[in-house]
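In this note's numbering, the protein residues as written are 296 to 620. Even glycine gets a Cβ: it sits at the ideal position worked out from N, Cα and C. The structure appears right after this line, and notes come after that.
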């Protein structure tokens with residue numbers, strides 16, 4: 296069901312993987328992606344700081360707006376936005392950037408991760424300084440960048456900024472330098488027209504399981520994803536199932552009566568609650584193949600009951616009734 300009922304065990308089946316030693320279920324709510332990482336102290340940046348410990352993550356020397364910006368200036372400095380982002384087909388990654396002294400063989404790169412460890416570079420800019428420079432020859436203003444990422448819609452992604460030295464003049468600071476005169480500055484990072492996963496939780500699932508149970512506590516939209524563990528290695532999460540947590544009772548359906556009436560008609564009568572549409576199917580090969588059986592006529596003899604009637608004819612078959620909300 297696309298609905299998960301609050302306070303009830305909602306069961307979702309999955310196709311098991313041969314050789315799986317266990318599974319991990321990820322449950323996360325979705326939230327509007329109206330965030331912006333502006334490096335300010337309030338709200339605090341939601342980032343993973345993998346920059347050099349000798350220098351602060353943010354500085355007040357330069358800012359596109361507000362009073363602070365992120366600063367990268369050492370080889371392999373990385374700032375990762377700590378959000379599971381859900382882009383739409385018209386999403387764009389936008390940010391402001393500004394360089395001071397930075398070598399021609401050094402660049403600031405922007406990378407997107409769509410699966411664990413799989414980072415794809417979507418933007419880069421090299422510095423412009425060799426070994427000899429004119430004092431103060433650096434960017435005089437902030438530049439705005441806008442990168443289309445709609446091709447990644449339909450899944451989650453993460454974003455990071457990486458400072459990479461490749462060759463030539465190495466403009467990393469020495470003790471006599473003012474570190475704020477070197478490197479790349481980044482501000483106002485966001486992904487437009489997006490949402491994000493929040494409040495992640497993880498549940499271990501046994502290797503023998505073929506279903507998981509989700510019991511939400513509050514309304515909202517939730518993602519359910521499974522990751523298998525095979526040969527002691529955990530793999531990435533598979534396709535998501537998106538459900539809406541709602542109040543009320545789950546739909547129910549049970550057979551009330553099966554028989555043959557006085558007119559030699561075969562009938563199936565069910566009791567049902569919460570379902571809107573019903574289909575009777577039949578199989579003449581033990582359930583290997585099912586086909587909708589259009590010979591049945593549906594009536595409603597009483598509230599909460601449905602009766603499906605068809606003439607007795609043909610070979611032996613087995614029947615089933617399926618329902619949708």
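With 16 other Cβ atoms within 10 Å as the buried cut-off, status of residue i
i, result
"residue 444", "buried"
"residue 596", "exposed"
"residue 583", "exposed"
"residue 555", "exposed"
"residue 607", "exposed"
"residue 482", "buried"
"residue 603", "buried"
"residue 484", "buried"
"residue 523", "buried"
"residue 591", "buried"
"residue 422", "buried"
"residue 489", "buried"
"residue 401", "buried"
"residue 328", "buried"
"residue 538", "buried"
"residue 395", "buried"
"residue 363", "buried"
"residue 358", "buried"
Whole-number beta carbon distance between residue j and residue i, since they are thought to touch under 8 Å
i, j, result
"residue 320", "residue 530", "With 8 Å as the limit, residue 320 and residue 530 do not qualify as a contact, their Cβ atoms being about 14 Å apart."
"residue 325", "residue 516", "5 Å"
"residue 354", "residue 404", "Incorrect: roughly 20 Å between the Cβ atoms, too far for contact."
"residue 513", "residue 540", "7 Å"
"residue 468", "residue 477", "6 Å"
"residue 383", "residue 448", "5 Å"
"residue 367", "residue 479", "5 Å"
"residue 302", "residue 525", "Between residue 525 and residue 302 the Cβ distance is about 35 Å, and since that is not below 8 Å, they are no contact."
"residue 563", "residue 548", "Contact flag wrong, Cβ pair sits at about 11 Å."
Cβ-based neighbour list, residue i, same chain, cut-off 6 Å, excluding 5 preceding and 5 following
i, result
"residue 587", "574, 576"
"residue 373", "345, 455, 457"
"residue 438", "392"
"residue 361", "333, 335"
"residue 594", "602"
"residue 416", "404, 406"
"residue 441", "387, 389"
"residue 426", "464"
"residue 356", "475"
Sequence-distant residues of its chain with Cβ nearer than 7 Å to residue i (five each side left out)
i, result
"residue 304", "508, 510"
"residue 579", "610, 612"
"residue 499", "317, 319"
"residue 451", "379, 380, 381, 492"
"residue 465", "398"
"residue 308", "505, 506"
"residue 520", "321, 532, 533, 535"
"residue 343", "375, 377"
Same chain only: Cβ atoms within 8 Å of residue i, ignoring 5 sequence neighbours per side
i, result
"residue 546", "296, 567, 568, 569, 570, 618, 620"
"residue 341", "330, 332, 376, 377, 378"
"residue 411", "531"
Three-way DSSP call (helix, strand, coil) for residue i in this model
i, result
"residue 427", "coil"
"residue 445", "helix"
"residue 421", "strand"
"residue 397", "coil"
"residue 529", "strand"
"residue 617", "strand"
"residue 518", "strand"
"residue 669", "Residue 669 lies beyond the range of the chain shown here (296 to 620); nothing can be said about it."
"residue 321", "strand"
"residue 371", "coil"
"residue 308", "strand"
"residue 551", "strand"
"residue 300", "strand"
"residue 591", "coil"
"residue 488", "coil"
"residue 602", "strand"
"residue 416", "strand"
"residue 494", "strand"
"residue 571", "coil"
"residue 608", "coil"
Proximity test, residue i beta-carbon vs the ligand NAP heavy atom, cut-off 7 Å
i, result
"residue 461", "Ligands displayed in this structure: none; no statement on the ligand NAP is therefore possible."
Taking only runs that begin and end inside the stretch 447-484, name each unbroken beta strand (DSSP E) of 3 or more residues, in chain order. As summarised for the stretch 447-484, the continuous beta strand (DSSP E) elements at least 3 residues long and confined to that stretch are 452-460, given in chain order.
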